[in-house]
Every structure is written in structure tokens, then in C-alpha cells.
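Asker: Take a look at the following structure, please.
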Amino acid sequence: MLVGKDSVRVTFDARSGNVAGGAYYLRLLSGSRLITAKPYSFVAKEYGVCDVNRAPLTAFTYDTLANTFTIKKSGANNLAFRLAPTKTDYYNINNTKTYFLIKGKFLKTGSTDSYIWWFNGYNNGGSIAPSLIVNGSNSETFLLWHIPSQTGLNSNMDYTQPYITLTHKGTFFIQAIGLTSSAADYSSTFSDVNYYSAEEAAAKYPEVAVAMGLPVGMKPLRLALDGITAVSGSNGELKLVANRRQMVNLYDLLGRPIKSFVLEAGEDRTLSLRPGYYLLNGRKLLIN
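Heads up: the sequence shown begins at 714 in our numbering, then just goes up one per residue.
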């Protein structure tokens, strides 16, 4: 049941009639790590009011089908929003995701137009501008902050750990962000607020790849290993083709085995994996 999985999420539900439902004892196998939060993914409706004096609830609209949210508000840094405080300790990211990225339409890009005030429950009393701003097509803008190198962002983000929990640490601000609309009607729409590695951001957004100096169209990624050709496509697919009889060993970055099998000469096999970094016969590769 657990073959090929690098994590397992367990939910305990109390049954009606029990005196005191709950988990009283949980034993982890040697080398295991208990992670209570789930991997972060962007859900537009989870973003909302950060400062009622800048953008009240009436300024927000949502398109759940497109997974976007729109804020209509004039003024500098008045497109103010945050991830809902109820999501504290609900999500995590892995330590390869060193960039915080916002994708929006009709955004000003001056040096004081885009700020992060709070990040993972920390505020240093300042306003943190993006480390990279990329103008895309169709009035889209990509704002990127490099978390480990920017003071005020890295304080509660421990990249020495394999996973980082997104939390407000009692401050009620997992994030607090203030951007500025360039639209004539002051309406700006956001379609991604996310955490990426440089490679992941480049693979998803060609404009970002160019700005970072990374190859455009990183998908599919082809690696020629000893006896194996590995092609990483989209949607978590990894296709392996054996040039000769070859043992295949796939691990996650923590060294935990994911799959191990033998491919005969000329045989191919396609694996479905969760997005992230893996070690394939000792070589690091990214699955999107």
C-alpha cells in the first residue's frame, strides 16, 4: 500500500459513544518523521483581508472555477491580502522551495509598489520588496522574493530542515502583502501565490526562466544515466528507458527508498510521482 509513497497522511476520527476518542499512542519506525501539515498548494479563496483600512472584504471577489481572486482598490500598497490565519500549521513546503512568487495582472512595478510586511509569523518592522520582478504577457507580472537571502523573510524559515511549516506563530499573519494596482479601475487579479524552487518556477513560467537565466521549456528534462535514459515530463511522470539490463534505485532527498526494480535491455517504464526532487541512481532530478 505504501510502495512509491514518500509521505502518508493519517486522520483520526472519534466515534459516537466513545468516552474519550483520540490517539493515545503512535509509534514511528526508525528514520521516520512525523509531519502534521500537508504540502502547500494555492487556493484563491484562502486569501483575504489583511488590513481593512487598505482593502476591506468588499474589495475582494473570487472565481473559484479559475482559482483566482481579485482586489479592487486604489492607492499605494492597498492591494493588501494574506493567507487566512485559520491555515496556520496546516501547510508545509519542502526546503527546495526557496522562492515566494506572486502572479498577478495589472500591477505597478516601481521600487515601492510591492511589499511583504509579515512572513511566516515574523515582521522586522520594515517593508520587503521583491528580489526579482518579471513582466509577462497579457498584462501579467511575476513578483519573486528569494526567501533565504532576504532579511525579514528568512527569520522563521529554517532551510536546514527538510520541511518548513507555514505558521503565524500567534501573530495571525502567515503573510501580509501590499501591492499596487496599475489598472484604470484599480482591479488586479491574482492567479498564483506560491512557493517554488528556481527550477520549478522556470519550468512553469517561461518568462521567469528567461529572467533567471535558466533554459526555457525545462519540461521534459532528459538525463542520460549509466544504462538508462530518464525523461521527466509534466503531471509527475517519469519515463525510464533501459539501454541495457540495469538496476533502478529511486530515492527522495532524505534518502528514503521510493522504488527499486530491474529494467531489461530495451524495456521502458513510466512512473507517476509527486512533484519534487528525487535521486535516480545517484543523480538528482526534478519532477513537475
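Backbone N, C-alpha and C define an ideal beta-carbon position, used for all residues, glycine too.
Since V923 is in the alpha helix (DSSP H), which residue starts that stretch and which ends it?
Answerer: 919–925
Asker: Are the region 783–793 and the region 883–903 in contact at 8 Å, needing three or more beta carbon pairs?
Answerer: yes
Asker: On the three-pair Cβ rule with 8 Å, is the region 876–885 touching the region 811–819?
Answerer: no
Asker: List the DSSP bridge partners of T783.
Answerer: T774, T902
Asker: Is the region 754–770 close to the region 864–877, with three or more CB pairs under 8 Å?
Answerer: Fewer than three beta-carbon pairs drawn from the region 754–770 and the region 864–877 are found closer than 8 Å, and the two stretches are therefore not classed as touching.
Asker: Could you compute how far the alpha carbon of A955 sits from the alpha carbon of A916?
Answerer: 26 Å
Asker: What does the alpha-carbon distance come out to for the pair N780 and E853?
Answerer: 16 Å
Asker: Distance check for I1000 and P933, CA to CA, integer angstroms please.
Answerer: With a pLDDT of only 48 at P933, under 50, the local geometry of the prediction cannot be trusted, and the value read off the model is given with reservation. Their backbone Cα atoms lie some 9 Å apart in a straight line.
Asker: Roughly how many whole angstroms lie between the Cα atoms of W831 and K818?
Answerer: 22 Å
Asker: Quick one: what's got a C-beta closer than 7 Å to S985's C-beta in the same chain, skipping five residues either side?
Answerer: G949, E950
Asker: Taking F886 as the reference, give the member of G761, D965, V961 with the closest Cα.
Answerer: G761
Asker: Got a sec? Which residues, its chain only, sit under 6 Å from A889 by beta carbon, not counting five neighbours each side?
Answerer: C763, R795, W830, W831
Asker: Compare the Cα-Cα distances from G839 to each of S754, T864, A797 and report the closest residue.
Answerer: T864
Asker: Give a yes or no on whether the C-beta atoms belonging to L992 and L966 are separated by under 8 Å.
Answerer: yes
Asker: Rounded to whole angstroms, how far is the Cβ of F755 from the Cβ of V906, which I believe are closer than 8 Å?
Answerer: 6 Å
Asker: Since I believe L998 is in contact with S945 (beta carbons under 8 Å), could you give me their beta-carbon distance rounded to a whole number of angstroms?
Answerer: 6 Å
Asker: On the three-state DSSP scale, how would you describe I806?
Answerer: Of the three classes helix, strand and coil, the one that applies to I806 here is strand, per DSSP.
Asker: Could you work out which residue in Y828, H859, L845 is closest to T809 when comparing CA atoms only?
Answerer: H859
Asker: Taking the straight line between their C-alpha atoms, what separation do you get for Y918 and G968?
Answerer: Approximately 30 Å, taken between the alpha carbons.
Asker: Among the residues of its own chain, which have a CB less than 8 Å from the CB of Y828, if the five just before and after it don't count?
Answerer: N790, S840, I841, A842, I890, G891, L892
Asker: Am I right that N837 and G989 are in contact with their C-beta atoms under 8 Å? What's the rounded C-beta distance?
Answerer: Actually they are not in contact, since the Cβ atoms of N837 and G989 sit about 30 Å apart, beyond 8 Å.
Asker: Which of the three DSSP states, helix, strand or coil, is assigned to S840?
Answerer: coil
Asker: For the candidate residues F773, T801, Y803, whose alpha-carbon lies nearest to that of A793?
Answerer: F773
Asker: Give a yes or no on whether the C-beta atoms belonging to L876 and N805 are separated by under 8 Å.
Answerer: The sequence shown places Tyr at residue 876, rather than the Leu named in the question. Against a cut-off of 8 Å, the Cβ pair of N805 and Y876 comes out as a contact.
Asker: From A708 to S973, what distance separates their C-alpha atoms?
Answerer: Residue 708 falls outside the range modelled here, since the chain spans only 714 to 1001, and no answer is possible.
Asker: Considering Cα atoms alone, identify which of T801, G788, R996 is closest to D826.
Answerer: For D826, the nearest C-alpha among the options comes from G788.
Asker: Measuring CA to CA, which of L820, S862, T873, Y835 is closest to S850?
Answerer: L820
Asker: Taking only three categories from DSSP, how would you classify I860?
Answerer: helix
Asker: For N833, collect the residues of the same chain with a Cβ closer than 7 Å to its Cβ; drop the 5 residues on either side in sequence, then sort them by chain order.
Answerer: Closer than 7 Å at Cβ, skipping near neighbours: N869, M870, L879, T880, I887.
Asker: Put K816 into one of helix, strand or coil per three-state DSSP.
Answerer: DSSP places K816 in strand when its eight states are reduced to three.
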